[in-house]
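> There's a structure below that I have some questions on.
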Amino acid sequence: MNSFIKYFIEKLPEVHVALMQHIEITGLAVAIAIIIGVPIGIFIIRSERLSKVVLTIAGIFQTIPSLALFGLIIPIMGIGIKPAVFVLFLYSLLPIITNTYIGIKGVDKSTIQSAIGMGMTNFQVLTKVKLPIAVAVIMGGIRISTVATIGTATIAALIGAGGLGELIFRGISTSNNNLVLTGAIPTAILAFVANYFLGVLEKVLTPSGMLTNPKEKKKNVKILKIVLAILILGIGFRIYENNKNRGIPTIVVGHKNYNEQRILGVMMSQVIEAKTNYKVKTVELGTGTVIFEAIKSGDIDVYPEYTGVAYAAYLGKKEKADAKTVFDIIKSEYLADHNLDIREPMGFENTYAFAMKPEVAQKYGIKTISDLKRYANNMVLSGPHEFMEREDGLLGIQKAYNIRFKSILSMDQGLVINSLVSDKIEVALVYSTDGLIAKHKLLLLEDDLKFFPPYEVVVTMRKGFENTKGDVIEALDSLVEALNEDEMQELNLLAIEGNEPIENIINKFLQNKGIIK
Numbered sequence: 016m017n018s019f020i021k022y023f024i025e026k027l028p029e030v031h032v033a034l035m036q037h038i039e040i041t042g043l044a045v046a047i048a049i050i051i052g053v054p055i056g057i058f059i060i061r062s063e064r065l066s067k068v069v070l071t072i073a074g075i076f077q078t079i080p081s082l083a084l085f086g087l088i089i090p091i092m093g094i095g096i097k098p099a100v101f102v103l104f105l106y107s108l109l110p111i112i113t114n115t116y117i118g119i120k121g122v123d124k125s126t127i128q129s130a131i132g133m134g135m136t137n138f139q140v141l142t143k144v145k146l147p148i149a150v151a152v153i154m155g156g157i158r159i160s161t162v163a164t165i166g167t168a169t170i171a172a173l174i175g176a177g178g179l180g181e182l183i184f185r186g187i188s189t190s191n192n193n194l195v196l197t198g199a200i201p202t203a204i205l206a207f208v209a210n211y212f213l214g215v216l217e218k219v220l221t222p223s224g225m226l227t228n229p230k231e232k233k234k235n236v237k238i239l240k241i242v243l244a245i246l247i248l249g250i251g252f253r254i255y256e257n258n259k260n261r262g263i264p265t266i267v268v269g270h271k272n273y274n275e276q277r278i279l280g281v282m283m284s285q286v287i288e289a290k291t292n293y294k295v296k297t298v299e300l301g302t303g304t305v306i307f308e309a310i311k312s313g314d315i316d317v318y319p320e321y322t323g324v325a326y327a328a329y330l331g332k333k334e335k336a337d338a339k340t341v342f343d344i345i346k347s348e349y350l351a352d353h354n355l356d357i358r359e360p361m362g363f364e365n366t367y368a369f370a371m372k373p374e375v376a377q378k379y380g381i382k383t384i385s386d387l388k389r390y391a392n393n394m395v396l397s398g399p400h401e402f403m404e405r406e407d408g409l410l411g412i413q414k415a416y417n418i419r420f421k422s423i424l425s426m427d428q429g430l431v432i433n434s435l436v437s438d439k440i441e442v443a444l445v446y447s448t449d450g451l452i453a454k455h456k457l458l459l460l461e462d463d464l465k466f467f468p469p470y471e472v473v474v475t476m477r478k479g480f481e482n483t484k485g486d487v488i489e490a491l492d493s494l495v496e497a498l499n500e501d502e503m504q505e506l507n508l509l510a511i512e513g514n515e516p517i518e519n520i521i522n523k524f525l526q527n528k529g530i531i532k
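Residue numbering for the sequence shown follows my numbering, starting at 16 and increasing by one per position.
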């Protein structure tokens with residue numbers, strides 16, 4: 016417990032930034048949902064048929080997996096806070112529309128008739144009778160929507176929107192429970208605090224005659240004023256933070272959401288900052304598809320990619336080829352078809368590999384993937400989500416080796432090796448430079464049919480980037496042939512188990528190599 020508290024205190028500056036981002040995302044999404052959802056809920060009372068249609072449409076958004084919706088919206092809105100707010104707004108609508116509809120419809124008809132008899136207009140009946148009576152039900156919907164959105168907003172980290180989810184996903188992918196808790200606990204506290212203060216707002220908005228203890232209203236008004244003052248100060252500070260660096264030339268470096276990609280992203284950022292006058296913003300994104308769309312749309316400037324992924328997943332190539340041929344094909348077709356370009360490889364290859372505990376492999380005499388085929392139908396395989404749906408991944412390897420497993424579990428890459436070591440699975444699909452391979456003395460099976468293409472790491476950028484940002488390219492080219500497999504494996508292990516932040520680890524490595532001063 017003491018170690019976590021110490022860790023949390025060390026991470027407070029990072030938690031503060033992530034918390035502000037999380038509040039901004041959820042606050043905007045829920046605010047827009049209230050502005051649009053409450054009037055819709057009022058309007059659909061006029062027609063039973065219309066209400067069913069609207070509530071069904073709002074319900075459909077709730078059934079679409081959040082990550083899938085984020086993925087669908089990226090080609091249209093790009094990455095960052097805008098698509099995150101839009102998607103979360105869609106998720107927030109249903110409880111608000113539903114409770115507004117139920118609350119207004121539940122107002123006693125005799126009360127409405129009495130108001131009309133007193134000469135009130137329809138608008139006066141709505142604002143002075145219906146809404147005050149229904150406010151508790153409407154606020155119930157807003158509270159449900161807010162709490163749910165705070166939880167769902169953690170997914171927004173996968174499209175570069177930031178927030179507390181970034182800490183959670185980093186913790187999962189590096190098996191760092193302290194980091195997971197550093198993101199999860201503030202998320203839970205934020206949901207609790209938001210629910211409490213919305214409850215205070217509900218009591219302030221409810222007519223005194225409907226409260227069990229009307230005297231508490233003054234106290235709640237004071238609490239609300241304090242909260243509003245804090246919110247106004249927070250919004251002002253956030254606006255200042257967002258605008259103080261505006262106009263400063265910035266390079267956006269993207270990377271995927273697992274350990275090695277974070278290392279490479281930080282490495283690229285540090286050489287750019289050390290060798291140019293540009294400010295660098297580093298953005299963590301989700302799967303390869305997400306980051307590929309981000310580079311094509313110009314939401315990021317550069318990012319590290321593996322040639323095998325580009326060759327098989329993005330270009331759809333199935334022909335076997337050596338590393339040089341694969342590189343040349345990618346460079347040619349990227350320029351021609353995607354307006355993208357790549358630089359020379361960084362010097363190491365990180366391929367996919369099947370890993371087993373040595374004692375299990377020895378028991379069955381398994382050394383190659385072909386050997387594994389004989390026993391696979393009694394074994395459980397696990398690998399990263401991205402691997403499961405790609406032709407250079409599970410789909411292709413099942414065809415090439417005609418191999419079938421007892422069951423297949425898709426999970427975050429950071430959990431795969433731990434599952435193997437703890438005997439939850441028999442076979443793990445791993446990255447060959449994963450630092451935990453050497454630590455746990457795992458056996459990598461030989462790809463005897465040479466199914467996997469070369470997976471060299473190259474800097475990817477938009478076509479023509481080198482013409483306008485020549486100094487950035489010169490800085491990034493200092494990483495060409497800068498690492499080998501052993502060095503990358505060591506960096507991966509240090510990032511997972513070391514006591515230093517990745518930034519410090521990479522800075523020392525680059526200085527020792529003489530790449531930066």
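From the three backbone atoms N, C-alpha and C, an ideal C-beta is built for every residue, glycine too.
In this text the structure is predicted, and so the values were computed from the model without any measurement.
#1: In its own chain, which residues sit with a C-beta less than 7 Å from the C-beta of ASN499, not counting the 5 before and 5 after it?
#2: Identify every run of the alpha helix (DSSP H) within the stretch 129-178, keeping only runs that are complete inside it and at least 4 residues long; order them along the chain.
#3: Kindly indicate which three-state DSSP category LEU509 falls into: helix, strand or coil?
#4: Closest by CA to GLY86, which one among VAL45, ARG61, THR221 and LEU173?
#5: Helix, strand or coil for ASP407? Go by DSSP, reduced to three states.
#6: If you check the beta carbons only, do ILE310 and ALA510 fall under 8 Å apart?
#7: List the residues that DSSP assigns as beta-bridge partners of MET476.
#8: For ILE159, which residues from the same chain have a beta carbon less than 6 Å from its beta carbon, with the 5 sequence-adjacent residues on both sides left out?
#9: Tell me whether the beta-carbon of PRO264 lies closer than 8 Å to the beta-carbon of LYS294.
#10: How many angstroms separate the CA atom of ILE287 from the CA atom of PHE420?
#11: Of all the options GLY180, PHE369 and GLU348, which has the alpha carbon lying nearest to the alpha carbon of LYS388?
#12: With distances taken from CA atoms, which of LEU430, ILE517 and VAL298 is nearest LYS439?
#13: Given this structure, state the Cα-to-Cα distance separating GLY249 from LEU243, to the nearest angstrom.
#14: Once the 5 residues before and after GLY8 are set aside, which same chain residues still bring their CB inside 6 Å of it?
#15: I need the straight-line Cα distance from TYR255 to ASN193, nearest angstrom please.
#16: Can you tell me whether DSSP reads PHE58 as helix, strand or coil?
#17: Closer than 7 Å by C-beta to GLY74: which residues in its own chain qualify, once you throw out the five before and the five after it? Chain order, please.
#18: Answer with buried or exposed for LEU410, where buried requires no fewer than 16 other C-beta atoms within 10 angstroms of its C-beta.
#19: Give the straight-line distance between the Cα atoms of ASN114 and GLN77, rounded to the nearest whole angstrom.
#20: Please report how far the alpha carbon of MET426 lies from the alpha carbon of VAL30, in whole angstroms.
#21: Runs of 3 residues minimum, wholly inside the stretch 438-484: which ones carry the beta strand (DSSP E) assignment?
#22: For the candidate residues GLY450, TYR22 and LEU458, whose alpha-carbon lies nearest to that of LEU9?
#23: I need the straight-line Cα distance from ILE60 to ILE127, nearest angstrom please.
#24: Taking THR536 as the reference, give the member of ALA99, LYS382 and PRO222 with the closest Cα.
#25: CB-CB under 6 Å to ALA490, same chain, minus the five flanking residues each way: which ones, in chain order?
#26: Per DSSP, what kind of secondary structure is VAL268 in: helix, strand or coil?
#27: Just curious, the beta strand (DSSP E) that GLY362 is in, first and last residue?
#28: Measure the C-alpha to C-alpha separation of PHE184 and ILE165 and round it to an integer number of angstroms.
Considering the structure as presented:
#1: If you ignore the 5 residues before and after ASN499, its C-beta comes within less than 7 Å of the C-beta of GLY362 and PHE363, all in its own chain and listed in chain order.
#2: Along the length of the stretch 129-178, whole alpha helix (DSSP H) runs at least 4 residues long occupy 137-140 and 146-167, reported in chain order.
#3: It is helical.
#4: Looking from the CA of GLY86, the closest CA among VAL45, ARG61, THR221 and LEU173 belongs to LEU173.
#5: Residue state, collapsed to three classes: coil.
#6: With contacts defined as CB atoms closer than 8 Å, ILE310 and ALA510 fail to qualify as a contacting pair.
#7: VAL317 and ASP356, per the DSSP bridge assignment.
#8: In the same chain as ILE159, and ignoring 5 residues on each side of it, the C-beta atoms closer than 6 Å to its own belong to PRO110, in chain order.
#9: Going by C-beta atoms, PRO264 is nearer than 8 Å to LYS294.
#10: Cα to Cα, ILE287 sits roughly 45 Å from PHE420.
#11: Checking every option, the nearest Cα to that of LYS388 belongs to PHE369.
#12: When only C-alpha atoms are compared, the closest one is LEU430.
#13: Cα-Cα distance, rounded: 10 Å.
#14: Past the boundaries of the shown model lies residue 8; the chain is included only from 16 to 532, so the question cannot be answered.
#15: TYR255 and ASN193 have their C-alpha atoms spaced approximately 31 Å apart.
#16: Here PHE58 sits in helix by DSSP.
#17: Closer than 7 Å at the Cβ level, and outside the excluded window around GLY74, lie LEU109.
#18: Taking all protein chains shown into account, LEU410 has fewer than 16 neighbouring C-beta atoms within 10 Å of its C-beta and is therefore exposed.
#19: Going from the Cα of ASN114 to the Cα of GLN77 covers about 15 Å.
#20: Approximately 26 Å between the Cα atoms of the pair.
#21: The DSSP assignment places complete beta strand (DSSP E) segments of no fewer than 3 residues inside the stretch 438-484 at 442-446 and 472-477, in order along the chain.
#22: Absent from the structure is residue 9, since the part of the chain shown begins at 16 and ends at 532.
#23: ILE60 and ILE127: Cα-Cα distance of roughly 14 Å.
#24: The chain is shown only over 16 to 532; residue 536 falls outside these bounds and no answer can be derived.
#25: These residues qualify, in order along the chain: VAL286, ILE287, LYS290 and THR291.
#26: In the three-state scheme derived from DSSP, where H, G and I count as helix and E and B as strand, VAL268 is classed as strand.
#27: GLY362 -> no beta strand (DSSP E), and no H or E assigned at all.
#28: Going by the C-alpha atoms only, they are around 15 Å apart.
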